[in-house]
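Down below is the structure, laid out as structure tokens.
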Amino acid sequence: YLEGGHFAPHTDGTSIVDFSRRTLYTGLLYINDCAPGDGDTKFYCDAQKELELEPRGPRGQLSGRPENVVFSAQCQRGRMVVFYGSSVLHEGSWASKKYIIRTDILYKRHDELCTAPEDLEAFNLYMDAQLLAEKGHCDEAAKLFRRCFRMSPALAEVYAEGVLCVLDEPVPELQIVALKQLLSMVDDYWTEIADYLPQIESMYEDETFPDRHLAALLASKVFFNLEEYDEALRYALGAGSLLDVTARSADEYTDTIVSKAIDAYVRHRNRGDEDVTDGSGEKQEDFDPRVETLVQTLMKDALEKGDLKQGLGVALEAQRLDWVEKFITDKESRVAEMLLYCKTNALEVVDDRHFRGKVLEMLIEIYKTVPAGRDRDWAGLAQCYFLLNRPEEVGAMLRELLDNHDKFGRLMAMQIAFDLADSEAQQFCQTVSACENLKIPQEESKVEGGESQNGEDVKMEDAKEPSAEDKKRECIANIKKILAGDAQTDLNLEFLYRNSATDLLLLDAIKANQPDERNSITHNGIVLCHALMQCGTTSDTFLRANL
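Every position in the sequence shown, counted from 1, becomes a number in my numbering once 284 is added.
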């Protein structure tokens with residue numbers, strides 16, 4: 285640059301040799317020093333590309349608007365500026381005197397690709413098509429693009445720009461071909477395709493476009509890569525049958541769309557504007573009904589594939605009682621497993637108390653469909669009654685087990701009583717114990733001497749086998765004792781007493797070796813040792829021997 289030298293705002297050209305060699309960056313090396321503002325290299329934002337240049341230099345040199353300058357590099361000897369010259373608008377401002385070395389930086393792939401003869405021929409066709417497109421001969425360019433892409437699929441994967449140019453074609457058939465090709469390369473070239481999003485969106489919104497669903501799917505995948513998941517879901521719903529949600533394990537895109545759809549449906553269902561039992565009710569204006577259609581497709585697929593737990597989880601979150609029942613009862617061999625899974629998740633996942641109550645009511649009805657006997661989950665049924673605070677039903681169930689007059693019924697009734705006592709709900713246990721069904725039947729029995737006493741207190745003197753009624757009375761008494769907590773206390777005490785391994789000689793040795801029996805510290809130490817060693821055993825032998 286001599287005095288007044290200037291290079292107006294521009295972008296640099298690129299040199300593409302073949303698939304494996306092309307220029308990417310421009311390098312500017314400054315040879316001399318210039319004062320600030322004298323010969324600076326200015327870089328502009330993209331908005332300047334759409335504006336007319338204006339005469340701003342001392343000799344009327346054309347330049348861009350100062351407010352669009354994003355960076356200015358001062359000319360200093362030895363400094364080098366490297367930038368993406370083919371897309372960044374830059375300017376060499378007027379200078380008194382400036383010397384530079386400009387170079388294009390050529391890149392070569394380490395592992396060359398597309399070296400086959402047909403690939404090289406397709407590349408030459410691609411370059412010709414690009415020149416035609418730049419000159420405005422779109423029809424001829426589109427034909428060459430289609431020809432070279434058919435000749436070399438690798439070319440279509442490496443260069444997306446040629447396909448994008450076809451979107452400018454006014455012929456819908458050509459646009460559809462371009463959309464299909466772009467779908468195959470969107471995961472790698474979504475950044476380039478994103479520049480054409482407005483055009484792709486308009487294709488979908490145009491109801492006369494022959495394959496608008498294709499445009500919707502492409503737009504959805506671009507938004508997915510942009511991490512705009514709400515927009516990705518909106519356009520995915522417009523893709524119709526092109527979106528296969530049943531193959532969600534294959535790719536991250538479908539997994540994400542499915543997840544967003546389920547989240548949207550759950551939010552909609554939990555607003556409380558609908559009947560949570562059957563999905564009926566007035567729809568929200570801002571809710572897309574296609575989301576529900578997609579989720580229903582997922583539920584049907586889960587039933588067919590046997591993914592019952594996954595589907596049941598969604599049904600619980602969405603508060604769809606009809607789906608919950610369907611997933612529990614669909615496979616007869618897995619009903620018990622699904623009942624337990626549903627009961628656990630109803631307590632841990634469902635926050636709505638009203639809906640949780642409805643789920644427990646439904647579980648009770650399903651439990652009762654199994655004939656009374658060993659196959660019925662009596663413990664699960666009792667837990668549902670407990671969670672719904674129905675002590676009378678628990679009492680009736682315990683009486684039903686006792687009325688079977690078999691060992692299983694008696695043992696199961698006592699096990700349920702233990703489970704209820706472990707819940708530490710004393711009021712509930714007391715109500716169960718006092719209910720009509722657990723009243724001990726009275727029986728007039730004659731003992732020696734002709735006296736008559738209550739059946740539960742009398743010990744018969746004869747050696748006869750106790751009757752079924754006697755066993756029932758005894759079992760009811762035991763259940764009442766369990767519900768009151770007395771049985772657990774007795775068993776715990778008996779266990780500690782039987783398994784006590786206290787070494788009393790150790791206590792005697794401690795006592796014998798204390799220096800002064802009147803010393804309160806050593807005396808207190810012996811008492812504490814005894815308390816810890818005999819805790820819960822009721823053994824007071826040492827105390828009695830040393831009082």
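Beta carbons are placed, not taken as given, at the ideal position from N, Cα and C, and that holds for glycine. Quantities reported herein were computed from a predicted structural model and do not represent experimental measurements.
Between the CA atoms of residue j and residue i - distance to the nearest angstrom
i, j, result
"Asp296", "Leu596", "60 angstroms"
"Ala705", "Lys642", "25 angstroms"
"Leu439", "Asn408", "11 angstroms"
"Ser377", "Arg306", "28 angstroms"
"Leu722", "Cys713", "12 angstroms"
"Met364", "Gly321", "17 angstroms"
"Ala462", "Asp490", "17 angstroms"
"Leu286", "Met411", "37 angstroms"
"Glu735", "Phe779", "Below a pLDDT of 50, predicted positions are generally treated as unreliable, and Glu735, at 49, falls in that range; no measurement from the model is reported."
"Asp557", "Thr298", "Only weak support is given to the placement of Asp557: the predicted model assigns it a pLDDT of 47, under 50, and the question is left unresolved by the model."
"Glu838", "Met681", "Outside the displayed range of the chain (285 to 831) lies residue 838, so it cannot be described from this structure."
"Leu313", "Val366", "9 angstroms"
"Val598", "Pro350", "57 angstroms"
"Asn554", "Ser468", "38 angstroms"
"Phe670", "Asp591", "30 angstroms"
"Lys765", "Gln594", "42 angstroms"
"Glu338", "Ile315", "29 angstroms"
"Glu708", "Pro675", "14 angstroms"
"Ile300", "Gln414", "12 angstroms"
"Phe355", "Pro482", "29 angstroms"
"Ala523", "Ser543", "17 angstroms"
"Ala796", "Ala697", "53 angstroms"
"Glu512", "Ser371", "25 angstroms"
"Glu745", "Arg658", "Note that Glu745 has pLDDT 47, beneath the 50 cutoff, so the model's placement of it is unreliable and no number is given."
"Glu485", "Asp535", "23 angstroms"
"Lys427", "Pro401", "21 angstroms"
"Asn629", "Arg640", "10 angstroms"
Cβ pair residue i, residue j closer than 8 angstroms
i, j, result
"Gly344", "Ala379", "no"
"Leu416", "Glu424", "yes"
"Phe507", "Thr540", "no"
"Ala520", "Ser504", "yes"
"Asn762", "Ala771", "yes"
"Thr825", "Tyr781", "no"
"Thr387", "Gly289", "no"
"His374", "Lys326", "yes"
"Ile724", "Ile760", "yes"
"Met583", "Glu609", "no"
"Phe429", "Cys449", "yes"
"Gln667", "Lys627", "yes"
"Asn352", "Tyr328", "yes"
"Ser436", "Asp403", "yes"
"Gln603", "Asp636", "yes"
"Val838", "Glu588", "Nothing about residue 838 can be reported from this structure: the residues present for the chain run from 285 to 831 only."
"Gln358", "Cys318", "yes"
For residue i, the nearest candidate out of the options (CA to CA)
i, options, result
"Thr715", "Glu512, Asn673, Gly321", "Asn673"
"Ala718", "Arg431, Glu677, Gly288, Pro320", "Glu677"
"Tyr549", "Glu758, Tyr513, Ser525, Thr577", "Thr577"
"Leu269", "Val575, Gly809, Leu777, Thr773", "Limits of the chain in this structure are 285 at one end and 831 at the other, which puts residue 269 out of reach."
"Glu336", "Glu684, Asp514, Phe327, Leu346", "Leu346"
"Asp528", "Glu512, Asp585, Met487, Arg828", "Asp585"
"Tyr391", "Phe303, Glu720, Leu502", "Phe303"
"Leu517", "Ala531, Lys765, Leu501", "Leu501"
"Glu758", "Pro675, Leu526, Arg683", "Arg683"
"Phe291", "Ala319, Glu334, Lys382, Asp330", "Lys382"
"Leu788", "Ala545, Arg828, Ala319, Ile546", "Arg828"
"Met817", "Asn783, Asn803, Asn830", "Asn783"
"Asp690", "Thr786, Lys756, Asp330", "Lys756"
Closer than 7 angstroms: residue i CB and nearest the ligand NAD heavy atom
i, result
"Asn803", "No copy of the ligand NAD occurs in the structure displayed, which carries no ligand at all."
Inter-residue CB distance, residue i and residue j (contact presumed, cutoff 8 angstroms)
i, j, result
"Gln332", "Gly348", "5 angstroms"
"Leu308", "Ile384", "In fact, because the Cβ distance is near 20 angstroms, the residues do not count as touching under 8 angstroms."
"Ile794", "Cys813", "6 angstroms"
"Gly693", "Leu686", "6 angstroms"
"Leu695", "Asp661", "The Cβ separation is near 15 angstroms, so there is no contact."
"Tyr480", "Leu451", "6 angstroms"
"Leu498", "Lys464", "7 angstroms"
"Ile648", "Leu631", "With 8 angstroms as the limit, Ile648 and Leu631 do not qualify as a contact, their Cβ atoms being about 15 angstroms apart."
"Gln663", "Ile700", "In the sequence as displayed, the identity of residue 663 is Ala instead of Gln. Yes, Ala663 and Ile700 are in contact; Cβ-Cβ is about 6 angstroms, under 8 angstroms."
"Ala545", "Val575", "5 angstroms"
8 angstroms Cβ cutoff, residue i in contact with chain D
i, result
"Phe303", "In the displayed structure, chain D is absent; only one protein chain is listed."
At least three beta-carbon pairs within less than 8 angstroms, the region 648-661 to the region 619-635: yes
Segment contact flag, the region 491-501 with the region 457-475, C-beta cutoff 8 angstroms, min 3 pairs: yes
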